[in-house]
Structures are given as structure tokens and as C-alpha cells.
Amino acid sequence: MIYLLLSVLASSLIFVIFKLFQRFEVNTMQAIVINYFIACLVGFFGFIKETDISLIPTKLWFPGTLILGALFILVFNLAAITTQRSGLSVVAVATKMSVAIPVIFGVVLYNESTGVLKVTGIILALIAVYLSSIKTREGIAIKTKNLIFPLLVFLGSGIIDTLIKYLETTYVAKDDVALFSTTIFAIAGTIGISILAVQATMGKLRITGKNILGGIILGIPNYFSIYFLVLALRSEGFESSTVFTINNVAIVLVSTLLGIVLFKEHLLRKNWIGIILAIISILLVANSLNF
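Residue 159 in full-length UniProt numbering sits at position 159 of the sequence shown; the count goes up by one each step and never skips.
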């Protein structure tokens, strides 16, 4: 449970940092790319000992990290497009509602439990995510021509979580957790650098100190959000459908509360209802472990 809690805290901190990016006008794309390399360095120097880097491509999980690294960059850019066209709330809902994909994957492929408490908790969690993420009284309004972008964010985010679970279960040895996480960020960073290089040739790249600093600050919690999530998935007695449900809804809950405390955000009635449902859903899913 401690790994799951640490993953939630790290992920919630990421939302706070993104909020600060908006306030200080940090170029998110540049910060994201730098963040991947910082996350890679944190893992490499902090958790990896006496590893021959040249052997990484021989690992059975390596092809999967190539896909994950590409998805990290792709989903981020799709999220940016969705934010510009449909608003931040749409991105928040699409990202967190994607928990349905790894949950279904866990139940179908690994025959994970589907008790009444658990199913009820998962349904309440999805409702809680929606209600907590909507910041306008009118709810979500998406133009038909823009619908493809949040759908792709939904699918991409769900595939990332599902693939992490699959690789962690099938190929990643206990001693390779840190190396696995570090490799994902290294690949994402390399792809990101390629994108920035293209922007540079087009004269659209202007790197500033605050963008670099933003990437450094973001990279540390970003590494731990993945590292601790993988460790949580490996914990005995925790099914992946339980871990992903609690993780996603708890991130929404904690980041919402941090928004109130740190940024004086005002919540609508539906947001408070979402918070209450989030707490209930966590209790139901967690208690389902005992039945």
C-alpha cells in the first residue's frame, strides 16, 4: 500500500507543477522533454547499480519500452491539442477515465476478481473522476470535429497503463524495475529531442532558463510516479484493477484538494460530490480485497 500512496503523491505533485507552468508561462513541450532526461538520470544514478547499458536492448521488455516512450510523447501532444481545442477539463476526464482500459484488461486477461463491492467502487470512481474534473456549470462541450483528440488521449493513456502492467507481469524481473522505468524515460526524452531539433531547424525553438528549471523540477516526481506504480503493481494481494482504480481516483482527489489549498481554487457543487464519491469508491475497492 505504501508504494501506491507514494505513486499517488508523486503524480499529484506533477499536477501542481503543471499548474505552476501555466502561472510562470513555462514552455510545456520543452519542460516535458527535459523532464524525461532528468527522470532518466534520477533512476540511473539513484537506483541502478553496476548495469551494463549495452545489454539493455537484449532485455525482453526493451521493445515494450520503445512503444511506451513513443506513447508518452504522442499522448502528451494529443493532450496539448485537446486542451487548446476543448479545454483542460476534457483532458482531465479523458486521461483519468482511461483507467477503464487497464481494469478491463486485468479482469479479462488475468481473471481478476469482480465482486459487487469492487465493481460498485470502480463505477463510482469513474463518476467521481468526471464530476471532480468539470470546472464549469455547463459541463463538457466538445465540437464533433474535435472529438477524435480526447478519444485518442483516452485510448493512449489506457494503453500506457495496460502495457506497463503487461510488461511488468510478463518480462520485468524484480531487479529490473528501476532500469525498466529509466529506459522508458530515456526513450521518451530521445524522441522529444528529435521533435525539438525539427522545431529548431524551423526557427521555432527558443530555450530559456525557466523552461530548463521547469523540466528539472518535473522530472523528479515524474520518475517516482512510474517507479512506485510498478512496485505497487508487484505488491502481493493487490490486483492491477484495484491498483489502477485507487491510483487514478486518488490522484484526482489529492490534486483537487491541493488546488484548493495551494491555488485557492473554488469548487462547484458537482466537484464536491465528486470528491465524496472518490472517497467512497476508494473505500469500496480497498475493502473488496478482504472479501
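Note that beta-carbon positions come from the ideal geometry of N, C-alpha and C, so glycine has one too.
Beta carbon of residue i nearer than 9 Å to that of residue j
i	j	result
V91	A100	no
A128	V252	yes
S11	L231	no
F21	T28	yes
S86	K143	yes
E239	S98	no
F72	I184	yes
V153	T82	yes
I56	L179	yes
K118	V249	no
A125	T201	no
Y223	V93	no
M1	S235	yes
For residue i, the first and last residue of its enclosing alpha helix (DSSP H)
i	result
T114	First-last for T114: undefined, no H or E at that position.
E168	I148 to T170
T256	S240 to F263
K19	I2 to F24
I212	G209 to R234
N35	T28 to F47
W272	R269 to N287
L78	F62 to S86
A200	V177 to T201
Beta-carbon separation (whole angstroms), residue i vs residue j, contact threshold 8 Å
i	j	result
S157	V243	Incorrect: roughly 15 Å between the Cβ atoms, too far for contact.
T131	N247	Residue identity differs from the one stated: residue 131 is Leu in this sequence, not Thr. Actually they do not touch by this definition, with Cβ atoms about 18 Å apart.
D161	P221	D161 to P221, Cβ: 18 Å. No contact.
F228	Y3	5 Å
A39	G219	4 Å
K59	D176	7 Å
G106	S241	4 Å
R137	L267	The Cβ separation is near 12 Å, so there is no contact.
G274	E265	The Cβ separation is near 13 Å, so there is no contact.
I67	T182	With 8 Å as the limit, I67 and T182 do not qualify as a contact, their Cβ atoms being about 16 Å apart.
With 16 other Cβ atoms within 10 Å as the buried cut-off, status of residue i
i	result
A173	exposed
P63	exposed
S255	buried
N111	exposed
G215	buried
S281	buried
L109	exposed
N287	exposed
G209	exposed
A197	exposed
A70	exposed
S133	buried
I217	buried
residue 294	Any property of residue 294 remains undetermined from this structure, which presents the chain solely from 1 to 291.
L277	buried
- request: Examine the Cβ distances between the stretch 151–168 and the stretch 16–26 and report whether three or more of them are shorter than 8 Å.
  value: no
message: Count Cβ pairs between the stretch 189–198 and the stretch 18–36 that sit closer than 8 Å; are there 3 or more?
response: When Cβ pairs closer than 8 Å are counted between the two stretches, the stretch 189–198 is seen to touch the stretch 18–36, the count reaching three or more.
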